[in-house]
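Chains as they are written, first to last, in the working numbering: chain A, 1 to 261; chain B, 1 to 304.
Report on the structure given below.
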Amino acid sequence: MTTAAARGPFFLVLHQARYDLLAVIRNRQARFFTLILPVLFLLIFVGIFGNHVVHGVKLSTTYVPGLSALGVISASFINLVISITVQREEGILKRRRATPVPAWVLIAGRTLASVVMSLAVVTVLLTVGRFVFGVTLRNAALPGIAFTVVVGSIAFCVLGYALSTAIHSEDAAQPMVQAVMLPLYFISGIFIANSNIPRWLQHVASVFPVQHLANGLQNAYDPTQTGVGIVWTDIGVIAIWAAVGLAVALRRFSWLPSTAS
Amino acid sequence: MRAEPVVSIRGLRKSYGPVEAVAGIDLEIRRGEIFAFLGPNGAGKTTTVEILEGFRDRTSGEVSVLGVDPARGDTAWRNRVGAVLQESSAEPGFTVRECLQLYAGYYLAPRDIDETIALVGLGEKVDTKGAQLSGGQRRRLDVALALIGDPELIFLDEPTTGFDPSARRTAWDVIDGLRALGKTVFLTTHYMDEAEHLADRIAVIAGGRIVAEGTPGTLGGRDSMATTIRFTLPPEVATAELPAELRGLLAGEDGPVTLTTHTPLVHVHALSTWALERGIDLPDLDVRRPALEDVYLELTKAAP
Numbered sequence: 001m002t003t004a005a006a007r008g009p010f011f012l013v014l015h016q017a018r019y020d021l022l023a024v025i026r027n028r029q030a031r032f033f034t035l036i037l038p039v040l041f042l043l044i045f046v047g048i049f050g051n052h053v054v055h056g057v058k059l060s061t062t063y064v065p066g067l068s069a070l071g072v073i074s075a076s077f078i079n080l081v082i083s084i085t086v087q088r089e090e091g092i093l094k095r096r097r098a099t100p101v102p103a104w105v106l107i108a109g110r111t112l113a114s115v116v117m118s119l120a121v122v123t124v125l126l127t128v129g130r131f132v133f134g135v136t137l138r139n140a141a142l143p144g145i146a147f148t149v150v151v152g153s154i155a156f157c158v159l160g161y162a163l164s165t166a167i168h169s170e171d172a173a174q175p176m177v178q179a180v181m182l183p184l185y186f187i188s189g190i191f192i193a194n195s196n197i198p199r200w201l202q203h204v205a206s207v208f209p210v211q212h213l214a215n216g217l218q219n220a221y222d223p224t225q226t227g228v229g230i231v232w233t234d235i236g237v238i239a240i241w242a243a244v245g246l247a248v249a250l251r252r253f254s255w256l257p258s259t260a261s
Numbered sequence: 001m002r003a004e005p006v007v008s009i010r011g012l013r014k015s016y017g018p019v020e021a022v023a024g025i026d027l028e029i030r031r032g033e034i035f036a037f038l039g040p041n042g043a044g045k046t047t048t049v050e051i052l053e054g055f056r057d058r059t060s061g062e063v064s065v066l067g068v069d070p071a072r073g074d075t076a077w078r079n080r081v082g083a084v085l086q087e088s089s090a091e092p093g094f095t096v097r098e099c100l101q102l103y104a105g106y107y108l109a110p111r112d113i114d115e116t117i118a119l120v121g122l123g124e125k126v127d128t129k130g131a132q133l134s135g136g137q138r139r140r141l142d143v144a145l146a147l148i149g150d151p152e153l154i155f156l157d158e159p160t161t162g163f164d165p166s167a168r169r170t171a172w173d174v175i176d177g178l179r180a181l182g183k184t185v186f187l188t189t190h191y192m193d194e195a196e197h198l199a200d201r202i203a204v205i206a207g208g209r210i211v212a213e214g215t216p217g218t219l220g221g222r223d224s225m226a227t228t229i230r231f232t233l234p235p236e237v238a239t240a241e242l243p244a245e246l247r248g249l250l251a252g253e254d255g256p257v258t259l260t261t262h263t264p265l266v267h268v269h270a271l272s273t274w275a276l277e278r279g280i281d282l283p284d285l286d287v288r289r290p291a292l293e294d295v296y297l298e299l300t301k302a303a304p
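Here you go:
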C-alpha cells in the first residue's frame, strides 16, 4: 500500500481534507449550521417578506447571495474556529503534530475541506433559489461566484485560525464566533437589505469583510452588470483581512492545549 | 559493539521565568529497553518528555533522540518516533479503523492497520466511533495510533491514568508486547506497580533533578533496605516474652508487632521456632521486602 505521505504533499493535503470533511459531515451541529441553516433562512425570509419584484429584481434574488456569504462564513470561519478549538484543547492537534505530517498540510487540508463545503452550500442555495423561487443569475458570472466563494472561504479560514488564538476553552468557541458574526450579519446586508440600513452603518460594515463577501457574490445576480462577476475591490478588502489574519495566526497559533503551558 | 543510545540527555535545563522546572538532568536510554520515568506532579516529568518529543524548547543542555536534536526534528525523524500523549481524546467522528487510516496516511511505511488494531486488543471495536469507546479503549486506540508508523521509540505519558485494574492489566500486556517487537519505550507514570511490572530501568525525578536511577529491584538502595516482619500475638502473650534476639528488632509500639531486619531468613526462623515451641499460631504473619512505593516516597520526600 502506498500511503498519502509517500505519494507526496499534494496527496497528503487531499488525504487530510477528506478526513476533515468526513468529520464535519458526521458532526450533527456542524451539518445543521453549515448546510441546513442557510437554506432554512432563505425559506423563512422569502416566507416573511414575500417574493415580489422590487426594481425589476425578485426579493429572493437579493437573499441568495447574502445567504451564500453566510453559508461560506459558516463553513469556513464558524465551523473551523469551533472544530480547531475543540481539537486543540482535547489534544488532537498535538497528537497529529507528533506524527510526520507537516503543519502546513494540516492547515491546507482543513482549509480545503472548508472550501469544498462552501462550494457545496452555495450550490445548494443556488439550486433551491432557482428551482423554488425562480432566482436567475447571469450564467457568464458563474466562474466569478466560484472564484469569490473560494477566495472568501480561504480568507475566512485564515481569520478563523487567527480568532482561535484568542479562545482558550472549547465552551467559549461557539459564543465567541456568534458574538463576532451576528452583528456583522445584521449590518452587512445578510439579514436586512442594504437599502434599509442607515448609510453610516453601511460605512461601518464596509470596514469588515462580511459585507464585501456578500457584495462580491451579489454581482452575478445584478442584471445591469456584465462580465465574469468578480468585483476586485471587494476581493481586495477580503484579501487585506486575510493578510492581517495570517499575520496574527503565524504569530500566535498554537497546536497545544492552552491549559498545558 | 556498544549501540548508540536511543535517547541521550546531558545537563538539560528548562526555566519558566525564575522557576527552574528541569534543573540539569542527565539520562541515557538504550535500544530495546522499557525505561520508566517517575516523579510527583510538577517534578519536571512532562516538561522533560515534551522536550524529547520536540514540543518544547529547552533553556540549555544537550538532547539527542535517535541521533537528532528534537528541537530540529524533521519529517524523517517523526517517522521514527511515536507518542502517546498524556491528554488526547479520540477523534470523535471516526471509527477505530478510520482513525488509523488517517494516521497511517501520515507515514511513509506504516504498519498493517488490522494487525495494529489486533495488537492493542481493539479487534471487536474496529467499526466503533471514538466517542463511543470507553476510557480504556480510547487509551488503547492512542497506543495503536502511536504504533501505526512503526516507530523505533515510543513515548508513553501516563498511559494508564484513570484505568480500572483490569484495563490496566490489559494495557500492561500491550506494552509488554512492544518489548517483544524490539521497540524502545519511554514510559512516565506515577503508579509504582506499573513501573515495577514493566520497566527494565527507572529514574526518579523530583524538584527538576534525577534523585535516583536503577532497576526496579535496586532503585534507591532498595536491595539493601530492611525487610519487615509483621504479626499479631494472642492477647495472653506479651511482646516482652519474645526471644531477646527478636526483641532487639522491634519497631513501633502500636498495632501488630513489627520487626525490621536485614537477615529475614534467620529471624523468621527464630520466630517460627519460638512460636511452635510455645504452641502459638501467628495467622497474619507477613514478611515484606520494601515496596518500590516506599523507596519512591523516601526519595521524593526531601524534594520541594
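All C-beta atoms in this analysis are idealised placements derived from N, C-alpha and C, irrespective of residue type, glycine included.
Predicted model only: the values in this text are computed from it and were never measured.
Taking the Cβ atom as the reference point for each residue, do residue i and residue j lie within a distance shorter than 8 Å?
i: B/G11; j: B/D26; result: yes
i: B/L297; j: B/G220; result: no
i: A/V122; j: A/S68; result: yes
i: B/G121; j: B/R140; result: yes
i: B/V68; j: B/I9; result: no
i: A/V210; j: A/L184; result: yes
i: A/A103; j: B/E91; result: no
i: A/V39; j: A/V128; result: yes
i: B/V295; j: B/R230; result: no
i: B/D176; j: B/V84; result: no
i: B/F55; j: B/L187; result: no
To the nearest angstrom, how far is it from the Cα of residue i to the Cα of residue j?
i: B/R31; j: A/L250; result: 38 Å
i: A/G50; j: A/A120; result: 26 Å
i: B/T75; j: A/I187; result: 47 Å
i: B/M1; j: B/F35; result: For B/M1, the pLDDT reaches just 46, beneath the cut-off of 50, and the residue's location in the model is therefore unreliable, leaving the point undetermined.
i: B/E158; j: B/P264; result: 35 Å
i: A/A247; j: B/D193; result: 49 Å
i: B/P304; j: A/V180; result: Note that B/P304 scores 49 on pLDDT, short of 50, meaning its location in the model is unreliable and no value can be drawn from it.
i: B/A104; j: B/D112; result: 9 Å
i: B/S15; j: B/G44; result: 10 Å
i: B/L147; j: B/D57; result: 25 Å
i: B/K301; j: B/D127; result: 47 Å
i: B/P234; j: B/E293; result: 31 Å
i: B/P256; j: B/T232; result: 5 Å
i: A/A243; j: A/F156; result: 11 Å
i: A/R73; j: A/K94; result: Reading the sequence as shown, one finds Ile at residue 73 of chain A and not Arg. Approximately 26 Å, taken between the alpha carbons.
i: B/A23; j: B/P216; result: 24 Å
i: B/A212; j: B/V7; result: 18 Å
i: B/H190; j: B/P290; result: 18 Å
i: B/K129; j: A/A220; result: 43 Å
i: B/S166; j: B/E33; result: 25 Å
i: A/T224; j: A/N194; result: 18 Å
i: B/A137; j: A/N139; result: Looking at the sequence itself, residue 137 of chain B is Gln, so the reference to Ala does not match. Roughly 53 Å between the two C-alpha positions.
Output the boundary residues of the beta strand (DSSP E) element that contains residue i.
i: B/L153; result: L153 to D157
i: B/D59; result: Looking at the sequence itself, residue 59 of chain B is Thr, so the reference to Asp does not match. Unbroken run through B/T59: none, as it is neither H nor E.
i: B/T227; result: T227 to F231
i: B/T161; result: Where B/T161 is concerned, there is no enclosing beta strand (DSSP E), given that its DSSP letter is neither H nor E.
How is residue i classed by DSSP in three states: helix, strand or coil?
i: B/A90; result: coil
i: A/V13; result: helix
i: B/T95; result: strand
i: B/E314; result: Past the edges of chain B, shown from 1 to 304, lies residue 314 of chain B, and the structure says nothing about it.
i: A/G144; result: helix
i: B/I280; result: coil
i: B/D173; result: helix
i: B/A36; result: strand
i: B/V257; result: strand
i: B/V204; result: strand
i: B/E20; result: strand
8 Å is my cut-off, CB to CB: does residue i come that close to chain E?
i: B/L181; result: Chain labels in this structure do not include chain E; the protein chains are A and B.
Looking at the secondary structure, which residues open and close the alpha helix (DSSP H) in which residue i lies?
i: A/A243; result: W232 to R252
i: B/L12; result: It is not in any alpha helix (DSSP H) - B/L12 instead sits in the beta strand (DSSP E) that spans V7 to Y16.
i: A/R97; result: I92 to R97
i: B/R139; result: G135 to L147
i: A/I167; result: That residue, A/I167, is in no alpha helix (DSSP H); it is neither H nor E in DSSP.
i: B/S211; result: Just to set this straight, residue 211 of chain B is Val in the shown sequence, not Ser. First-last for B/V211: R209 to G214, but that is the beta strand (DSSP E), not the alpha helix (DSSP H).
i: B/L187; result: Premise fails: B/L187 lies in the beta strand (DSSP E), T184 to T189, not in any alpha helix (DSSP H).
Do the segment 6 to 20 of chain A and the segment 101 to 117 of chain A meet, that is, are 3 or more Cβ pairs less than 8 Å apart?
yes
Does the structure place the segment 130 to 140 of chain A close enough to the segment 50 to 66 of chain A that three or more beta carbon pairs sit under 8 Å?
yes
Any 3 or more C-beta pairs closer than 8 Å across the segment 251 to 258 of chain A and the segment 81 to 89 of chain A:
yes
Segment contact flag, the segment 238 to 245 of chain B with the segment 268 to 288 of chain B, C-beta cutoff 8 Å, min 3 pairs
yes
Are at least three pairs of beta-carbons, each pair with one atom in the segment 197 to 208 of chain B and one in the segment 274 to 284 of chain B, less than 8 Å apart?
no
May I ask you to verify whether the segment 64 to 83 of chain A touches the segment 158 to 177 of chain A, counting CB pairs closer than 8 Å and requiring at least 3?
yes
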